[in-house]
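Count along the sequence shown from 1, add 544, and you get the number used in our numbering.
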Amino acid sequence: MFCYQCEQTSKGEGCSKIGVCGKSPEVAALQDLLVYAVRGLSLYALEGHKAGIIDKEVGKFTCEAVFSTLTNVDFDPARFQKLINQCVAYRDLLKNKLAKAGIKTAFTEDAANFVPEKSMEGLIAQGEKTGVKSNPDVNPDILSLQQILTYGVKGVAAYADHAMILGKTDERIYRFIHEAMAAGLNKKLGADELVGLVLKCGEANLWAMEILDSANTGAYGHPVPTKVPLGAKKGKAILVSGHDLKDLEEILKQTEGKGINIYTHGEMLPAHGYPELKKHPHFHGHYGTAWQNQAKEFAEFPGAILMTTNCIQKPKDSYRDNIFTTGLVGWPGVAHIADKNFAPVISKALSLPGFEKDTEGKTVMVGFARNAVMGVAGQVIEAVKGKAIRHFFLVAGCDGAKPGRNYYTEFVEKVPSDCVVLTLACGKFRFFDKDLGDIGGIPRLLDIGQCNDAYSAIQIAVALSKAFNCGVNDLPLSMILSWYEQKAVAILLTLLYLGIKDIRLGPSLPAFITPNVLNVLVEKFNIMPIKTPDEDLKAILG
545 MFCYQCEQTS
555 KGEGCSKIGV
565 CGKSPEVAAL
575 QDLLVYAVRG
585 LSLYALEGHK
595 AGIIDKEVGK
605 FTCEAVFSTL
615 TNVDFDPARF
625 QKLINQCVAY
635 RDLLKNKLAK
645 AGIKTAFTED
655 AANFVPEKSM
665 EGLIAQGEKT
675 GVKSNPDVNP
685 DILSLQQILT
695 YGVKGVAAYA
705 DHAMILGKTD
715 ERIYRFIHEA
725 MAAGLNKKLG
735 ADELVGLVLK
745 CGEANLWAME
755 ILDSANTGAY
765 GHPVPTKVPL
775 GAKKGKAILV
785 SGHDLKDLEE
795 ILKQTEGKGI
805 NIYTHGEMLP
815 AHGYPELKKH
825 PHFHGHYGTA
835 WQNQAKEFAE
845 FPGAILMTTN
855 CIQKPKDSYR
865 DNIFTTGLVG
875 WPGVAHIADK
885 NFAPVISKAL
895 SLPGFEKDTE
905 GKTVMVGFAR
915 NAVMGVAGQV
925 IEAVKGKAIR
935 HFFLVAGCDG
945 AKPGRNYYTE
955 FVEKVPSDCV
965 VLTLACGKFR
975 FFDKDLGDIG
985 GIPRLLDIGQ
995 CNDAYSAIQI
1005 AVALSKAFNC
1015 GVNDLPLSMI
1025 LSWYEQKAVA
1035 ILLTLLYLGI
1045 KDIRLGPSLP
1055 AFITPNVLNV
1065 LVEKFNIMPI
1075 KTPDEDLKAI
1085 LG
């Protein structure tokens, strides 16, 4: 195996024996083969787009398949075997549709014609020939750009899948995903063309985040500033982790009147700000922090646990019987609920002790998405003009276990009292419970939401730039980003597509970016690695 798609990759170079994420060599091979199969499917899907032969199920499947290969989503070999076979079936279906329409397709690429082996062992052997290092002759910079594109697409697929679950789709997104995945088979593409596709990926991710924002706010209302308790309430309990608001809604509905309190974990924290979710009286509070701490936090949780979308780690024996997966998440041997009937989760919660007493804890504020911030835009603008607010910092992105992430805690602690910190995604857990006070009634720490709510942050920045009649790069706004997996890659590409400059990125730079490709990013966008909080604050504020 060889995998270097996440920030924690072994030695900062790549995982070759077992994934730091817990991915086995067998699962790595199956994921590589699925990506390879999707590339073949995409060749036919692109021809279909050109001819007006569009199968929405193919677009939906493509997003699910690509999303399944994102870090910490699915570790179940049996499910990858099924996805690979489904992919080839969709490929052949499209091939036949094109043929019936009189459109000849004579693709010579192996991915367009390969036949999956019937046995698991055979599939793994095929997958071992299709990974990142399958072509030793490829130029390293070309490979780097291909991987940036592929990982960006994984992020786009994740957001498109979330939106799709709530009934929102955009055919442009499916078409781009097929274009980008097919591009991985085109040996004629040079650096300039690939850079163009990489930036186009940023645009596609903007579309995906936009429809997801529309889906979430359409279903659950615009988030409003909300206090969320971090303490526990006496009684039975279910913990919902991941990102999927629809799954949370289903759990809330199915547990009504059953004496079970619902808690969020990780990136589900912002759910407390949505009016249609917070109206449920048994939606109590938030438990724990970010995904990488789940082994300790889940072991101590006295109820059932539901993992939605990504961020699962190998469950410990102490809570293996209490954890369930749904959607695209999977772990071998862990009960999976595909039909959204969460009766097994509820039954498990009722059988466990729950919290024996009320426990006090801090409260944190959520719900400062674009609509809430725009509502006080006049107040914010006056505070900037009156020099009460000197600068805004977007300190956002993924959290992780790798050393160096304490930078973000220290940075926020050292931000001067006349500056405001905006945050989103699970990187916030490095400082989410700190009391930074306020500036004229405006909280100095504003939680915008989940990682996909980067869309909200972008809209806030655009609104401020219009108010001050300047470009986003001219605002008193600095972006201090942390990354871990491929959704963060997609968001970074969106910011680059929008022309945002001077982004500081950490805790380390991606292993899949070569020095030459990094130089291009530095020259075009002045992207830079984080240094120390003191050095970076001095460079920004003077």
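Just so it is clear, CB atoms sit at the ideal spot from N, CA and C, and this is done for glycine as well.
Item                                                                                                                                                              : Value
Identify the continuous alpha helix (DSSP H) that holds T953 and give its terminal residues.                                                                      : 950-958
Thinking I1024 and I1074 are a contact (beta carbons under 8 Å), I'd like their distance in whole angstroms, please.                                              : 7 Å
Using DSSP bridges, identify the partner residues of C963.                                                                                                        : H935
Between G817 and V910, is the Cβ-Cβ spacing less than 7 Å?                                                                                                        : yes
Compare the beta carbon distance of A781 and F868 with 7 Å and say whether it is the shorter of the two.                                                          : no
Quick check: what's the CA-CA separation for I721 versus D599?                                                                                                    : 14 Å
Hey, how far is the Cα of K802 from the Cα of T852?                                                                                                               : 22 Å
Look up V564 in the DSSP assignment and say whether it is helix, strand or coil.                                                                                  : coil
Between the C-alpha atoms of Y952 and P960, what's the straight-line distance to the nearest angstrom?                                                            : 14 Å
Whose C-beta lies closer than 6 Å to the C-beta of H766 among residues of the same chain, with five residues either side of it excluded?                          : N915
In the DSSP assignment, find the beta strand (DSSP E) that holds F827 and state where it starts and stops.                                                        : 827-830
How about Y695 and Q549: do their beta carbons lie closer than 7 Å?                                                                                               : yes
Near G948, which residues of its chain fall below 8 Å by C-beta distance, leaving aside the five closest residues on each side in sequence?                       : G1050, P1051, S1052
Examine the Cβ distances between the region 576-591 and the region 629-638 and report whether three or more of them are shorter than 8 Å.                         : yes
Would you call the CB atoms of D997 and L968 closer than 7 Å?                                                                                                     : yes
Is DSSP giving I628 helix, strand or coil here?                                                                                                                   : helix
Compute the beta-carbon to beta-carbon distance between K1031 and G592, rounded to the nearest angstrom, for a pair I have assumed lies under 8 Å.                : 27 Å between Cβ atoms; not a contact.
Among W835, L774, V956, E926, which residue has its Cα nearest to the Cα of H828?                                                                                 : L774
Rounded to the nearest angstrom, what separates T1083 and F1069 at their Cα positions?                                                                            : Here the sequence assigns Ala to residue 1083, which means Thr is not the residue at that position. Whole-angstrom Cα-Cα distance: 17 Å.
V878 to K771, Cα distance in whole Å?                                                                                                                             : 34 Å
If you reduce the DSSP assignment to three classes, tell me which class P1020 lands in.                                                                           : coil
Do you know how far the Cα of L689 is from the Cα of P609?                                                                                                        : Contrary to the premise, residue 609 reads as Ala rather than Pro in this sequence. If you take the alpha carbons of A609 and L689, they lie about 21 Å apart.
Exposed or buried, A595, counting other C-beta atoms within 10 Å across all chains shown (16 or more means buried)?                                               : exposed
Can you grab the Cα-Cα spacing for the pair T674 / K790, in whole Å?                                                                                              : 35 Å
Taking only three categories from DSSP, how would you classify S554?                                                                                              : helix
For K712, which residues from the same chain have a beta carbon less than 8 Å from its beta carbon, with the 5 sequence-adjacent residues on both sides left out? : I755, L756, S758, A759, G762
Is the beta carbon of T1058 closer than 7 Å to that of P680?                                                                                                      : no
Which same chain residues end up closer than 7 Å to S862 when comparing Cβ atoms and leaving out the 5 residues on each side of it in sequence?                   : A843
Is the Cβ-Cβ distance between V571 and N854 less than 7 Å?                                                                                                        : no
Grab the span of the alpha helix (DSSP H) containing I1004 for me, first residue to last.                                                                         : 998-1011
So, helix, strand or coil for Y807, using DSSP?                                                                                                                   : strand
I need the straight-line Cα distance from R864 to G566, nearest angstrom please.                                                                                  : 15 Å
On the premise that W875 lies in contact with K858, defined as a C-beta separation below 8 Å, what is that separation, rounded to the nearest angstrom?           : 7 Å
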